[in-house]
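Engineer:
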Amino acid sequence: MMDSKQLYQEVILDHNRKPRNYGALADATHRSEGLNPLCGDHIWLSLKVDGGAVAGIAFEGQSCAICKASASMMTTVVKGKAVGDVETLIGEFRAMATGQLEPATQAHHLGRLTVFAGIKDLPSRVKCAILPWHTLHAAFVQEGSTTTEGEADPVS
Ligand code: ZN
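Numbering (my numbering), first residue to last: 21 to 176.
1) Measure the alpha-carbon distance for Lys38 versus Ala172 and round it to whole angstroms.
2) What first and last residue would you give for the alpha helix (DSSP H) that runs through Thr96?
3) Residues in its own chain within less than 8 Å of Thr96 by CB, not counting five upstream and five downstream?
4) Tell me which residue opens and which closes the alpha helix (DSSP H) that Gln26 is part of.
5) Any heavy atom of the ligand ZN closer than 7 Å to the beta-carbon of Asp61?
6) Looking at the structure shown, is Asp70 part of a helix, part of a strand, or coil, going by DSSP?
7) Beta carbon of Ile86: closer than 7 Å to some heavy atom of the ligand ZN?
8) Cβ atoms of Glu53 and Ser144: under 8 Å apart, would you say?
9) What residues are listed by DSSP as bridge partners for Gln82?
10) Measuring alpha carbon to alpha carbon, tell me which residue in Val175, Ala159, Thr167 is nearest Arg51.
11) Please tell me whether, using a cut-off of 7 Å, the distance from the CB of Ser83 to the nearest non-hydrogen atom of the ligand GDP is below it.
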């Protein structure tokens, strides 16, 4: 059986080798750009919201392995979900990554996203993992771009 650290490394490697939903949607209803100056992660999200649910989502950009894996996994998890449920996930992922939610003992809807639970012990990488989620929220509220620094800092 793989321990959580091995599983985490496997997931990061797999999503970097074969990022899911990589590219841009031609018929996107929402777009957002996310920047994490701390690491240099720079991503673009495009999504199609239809009937209050995420009908399609894609990402592209230049980012580190953690950010890329988080974005890739995020697209697979949120596709088909209602926007309200996705906003709940965004909050839970942020809480887990910053150590405010302990997925082993607290209720959540994170499912296989809990593979990122250990990120809270790597403070310099927390924003890398959160950036795609932060950018997704910005897309929902029709903000053209967001950053992990300054007033929009999702960690502070
Ligand atoms: Zn990064």
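The beta-carbon is built from N, C-alpha and C at its ideal position, and this holds for glycine as well.
Structural biologist: The structure says:
1) 30 Å
2) Residues 85-98.
3) Arg40, Asn41
4) 24-37
5) yes
6) strand
7) yes
8) no
9) His62
10) Ala159
11) The ligand GDP is absent from the structure shown, which contains only the ligand ZN.
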